[in-house]
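In the numbering used here, the protein residues as written are 1 to 437.
Scroll down for the structure; my scribbles are underneath it.
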Amino acid sequence: MGGSALFIGLTGLKTHSTALSTIGHNLANVNTVGFKASRTSFSDVFASGGISVNRAGASLQTGLGSNLSAVQQLFTQGSLQTTEVSTDVAIQGRGFFVLGDAQGGQGFTRAGNFSFDAEGYLVSQSGLRVLGFTSKDASGKIIPSGSLNPIQIPAGMVSPPKVTSRIRADINLDAEAQVDTTATGGTQTAEVFATSIEIYDSLGGDHQLSLVFTPVDTDGDGKLDQWNWSARLPREELAVATNPGDPDYYEIGSGTMKFDSAGQLINPADITLSTPAFANGASAQEITWVILDPDGEPVLTSYVGSSSVDNVYQDGYATGRIQNLIIDGEGVISGVFSNGQAIELAQLAIATFNNPGGLFRTGDNVYVESPGSGPPAIGTPGSGARGAVVSKALELSNVDMTEQFTNMILAERGYQANARTVTTADRVIQEALTIKR
1 MGGSALFIGL
11 TGLKTHSTAL
21 STIGHNLANV
31 NTVGFKASRT
41 SFSDVFASGG
51 ISVNRAGASL
61 QTGLGSNLSA
71 VQQLFTQGSL
81 QTTEVSTDVA
91 IQGRGFFVLG
101 DAQGGQGFTR
111 AGNFSFDAEG
121 YLVSQSGLRV
131 LGFTSKDASG
141 KIIPSGSLNP
151 IQIPAGMVSP
161 PKVTSRIRAD
171 INLDAEAQVD
181 TTATGGTQTA
191 EVFATSIEIY
201 DSLGGDHQLS
211 LVFTPVDTDG
221 DGKLDQWNWS
231 ARLPREELAV
241 ATNPGDPDYY
251 EIGSGTMKFD
261 SAGQLINPAD
271 ITLSTPAFAN
281 GASAQEITWV
291 ILDPDGEPVL
301 TSYVGSSSVD
311 NVYQDGYATG
321 RIQNLIIDGE
331 GVISGVFSNG
341 QAIELAQLAI
351 ATFNNPGGLF
361 RTGDNVYVES
371 PGSGPPAIGT
381 PGSGARGAVV
391 SKALELSNVD
401 MTEQFTNMIL
411 AERGYQANAR
421 TVTTADRVIQ
431 EALTIKR
């Protein structure tokens with residue numbers, strides 16, 4: 001009997017020692033990003049007595065101690081801590097970030113404290129590359145399907161320029177502007193109004209396009225009848241011949257505008273401006289000067305009051321270099337460039353499992369698939385049962401220190417009790433040995 005008790009106590013020592021080790025591991029990782037606490041589960045061992053019962057029907061089975069049933073990971077949500085690091089991300093809800101190694105294997109993690117390596121790959125703290133969706137459609141949007149690829153964003157990434165193809169300026173031309181009367185013996189000069197719009201060529205070079213409006217008296221009565229307009233570019237910036245006496249500008253379009261008694265443009269229509277090739281090697285281009293707004297109303301008017309311009313717009317931009325990253329709730333990573341453009345570059349992938357507790361831990365906050373976990377179901381953040389991504393945030397460890405210290409006391413008391421079982425069984429054996437004397 002003493003021998004059985006000795007070994008039963010030994011099983012209790014082993015299981016409670018494992019419990020203490022698990023608690024110690026939890027406490028050691030209380031500040032580890034994305035760490036998930038574990039708990040030990042015990043089961044009793046019955047191996048004697050068979051199905052024997054006494055005359056009253058009570059079982060005659062005796063137990064042989066305890067056994068370690070499982071070390072279960074608890075995938076409860078950890079609290080989120082905000083940061084100022086653009087590559088820090090956290091998952092609010094179910095799922096794991098997907099990582100890839102050099103051999104093509106996949107790992108999974110909740111720790112989103114990512115950074116870029118020397119080659120511009122987004123990597124985990126252990127150097128594994130973060131996988132995601134990188135294919136784009138014709139509009140430049142990420143296609144969240146197909147194979148996963150390592151996310152690479154070089155530090156010197158460039159956004160190509162876009163040539164200006166449309167311009168718009170909401171302009172009011174003074175209905176009482178002075179006209180030139182010098183040709184008829186007067187002393188009044190024309191009250192010219194000019195405004196400029198910065199446009200971009202095919203190489204990303206910027207140029208000042210001037211729109212010049214001159215009030216004209218067509219019948220010699222000294223009153224404003226129409227406006228002559230001229231669209232001009234600096235001659236020195238164009239690949240055109242220059243002769244002595246040529247003005248310092250080059251006209252790429254001209255015409256007249258007439259307004260009715262209500263100040264509305266007569267026969268309004270968009271205007272096409274054509275540039276020659278540029279001196280920097282950029283090709284010639286056509287620019288649509290938008291005269292009608294989306295509702296079909298002209299954006300040029302002629303009311304009494306100082307000539308003015310508002311709502312200047314053009315659709316081109318220069319070459320840009322990446323300056324910052326933005327990650328939205330769906331895991332789309334966009335680069336913010338110096339030319340003001342935000343371009344989608346990749347989208348994070350999120351994997352879920354039927355049984356995340358069955359994942360095999362490899363260290364460095366990384367898990368791998370196992371028969372117990374089932375295969376990963378990979379998709380985008382927020383889709384299906386997958387959690388959303390929170391940028392500039394990290395998920396902290398879900399270890400509850402109060403709970404762990406309580407469990408530690410219970411495990412310690414259990415260990416002490418089983419140690420007492422061993423020492424008591426030892427004394428029983430010693431007493432049995434003295435019977436012969």
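Beta carbons: idealized from backbone N, C-alpha and C, even for Gly.
*Quick one, are the C-beta atoms of residue 214 and residue 192 less than 7 Å apart?*
If you number the sequence shown from 1, residue 214 lands on position 214. If you number the sequence shown from 1, residue 192 lands on position 192. With respect to residue 192, residue 214 sits close: the two C-beta atoms are nearer than 7 Å.
*By how many angstroms is the C-alpha of residue 348 removed from the C-alpha of residue 496?*
Because the chain in this structure spans residues 1 to 437, residue 496 falls outside the shown range and cannot be described.
*Using the beta-carbon count (16 or more within 10 Å), is residue 200 buried or exposed?*
Sequence index remark: in the sequence shown, residue 200 carries index 200 (1-based). Of the other Cβ atoms in all chains shown, 16 or more fall within 10 Å of the Cβ of residue 200; this residue is therefore buried.
*Under the three-state DSSP convention, the category residue 323 falls into*: Here residue 323 refers to the residue found at position 323 of the sequence shown. Looking at residue 323 - three-state DSSP - the assignment turns out to be strand.
*asked:* Does residue 236 come out as helix, strand or coil in the three-state DSSP assignment?
replied: The residue labelled residue 236 in the question sits at position 236 within the sequence shown. It is helical.
_Opening and closing residue of the beta strand (DSSP E) in which residue 172 lies_ = Numbered from 1 along the sequence shown, position 172 holds the residue referred to as residue 172. In this chain, the beta strand (DSSP E) harbouring residue 172 covers 166 to 172.
*Out of curiosity, what's the CA-to-CA distance linking residue 128 and residue 423?*
Position 128 of the sequence shown, counted from the start, is the residue given in the question as residue 128. Position 423 of the sequence shown, counted from the start, is the residue given in the question as residue 423. Residue 128 and residue 423 have their C-alpha atoms roughly 50 Å apart.
*When we look at the beta-carbon of residue 45 and count the other beta-carbons within 10 Å, is it buried (16 or more) or exposed?*
Within the sequence shown, numbered from 1, the residue matching residue 45 stands at position 45. Only exposed fits residue 45, as fewer than 16 other CB atoms lie within 10 angstroms of its CB.
*Quick check: the region 230 to 237 against the region 272 to 285, are there 3 or more CB pairs under 8 Å?*
In short, these stretches touch, since the Cβ pair count reaches three.
_Within the continuous beta strand (DSSP E) that includes residue 249, where are the two ends?_
Here residue 249 refers to the residue found at position 249 of the sequence shown. Residues 249 to 257.
*asked:* On the DSSP letters alone, give me the boundaries of the beta strand (DSSP E) that residue 335 sits inside.
replied: What you label residue 335 is simply residue 335 of the sequence shown in a count that begins at 1. From DSSP, the beta strand (DSSP E) with residue 335 extends over 332 to 337.
*residue 285, buried or exposed, once every other Cβ within 10 Å from all chains shown has been counted against 16*: What you label residue 285 is simply residue 285 of the sequence shown in a count that begins at 1. It counts as buried.
_Quick check on the DSSP output: the beta strand (DSSP E) that includes residue 346 runs from which residue to which?_
On the sequence shown, position 346 is the one that residue 346 refers to. It spans 342 to 348 - the beta strand (DSSP E) in which residue 346 sits, taken as one unbroken run.
*Return the CA-CA distance between residue 296 and residue 269, expressed in angstroms with no decimal places.*
As a first step, residue 296 is located in the sequence shown; it is residue number 296 there, counting from the start. As a first step, residue 269 is located in the sequence shown; it is residue number 269 there, counting from the start. Roughly 9 Å separates the two Cα atoms.
*Residues bridged to residue 415 (per DSSP)*: As a working note, residue 415 is residue 415 in the sequence shown. None; residue 415 has no bridge partner.
_residue 367 - containing beta strand (DSSP E), residue span_ = As a first step, residue 367 is located in the sequence shown; it is residue number 367 there, counting from the start. Element bounds for residue 367: 366 to 368.
_residue 271, enclosing beta strand (DSSP E) - first and last residue_ = For the purposes of this step, residue 271 is identified with residue 271 of the sequence shown, where counting begins at 1. Counted as a single uninterrupted DSSP element, the beta strand (DSSP E) harbouring residue 271 occupies residues 271 to 274.
*Express the C-alpha separation of residue 292 and residue 314 in angstroms, rounding to a whole number.*
For the purposes of this step, residue 314 is taken as the residue at position 314 of the sequence shown. For the purposes of this step, residue 292 is taken as the residue at position 292 of the sequence shown. In a straight line, the C-alpha of residue 314 is about 15 Å away from that of residue 292.
_With a threshold of 8 Å, are at least 3 pairs of Cβ atoms found where one atom belongs to the region 365 to 377 and the other to the region 303 to 310?_
With a cut-off of 8 Å, the region 303 to 310 and the region 365 to 377 do not count as touching, because too few Cβ pairs lie within range.
*Quick one: Cα of residue 150 to Cα of residue 163, how far?*
The sequence position of residue 150 within the sequence shown is 150, counting from 1. The sequence position of residue 163 within the sequence shown is 163, counting from 1. Near 32 Å, if we compare the C-alpha coordinates of residue 163 and residue 150.
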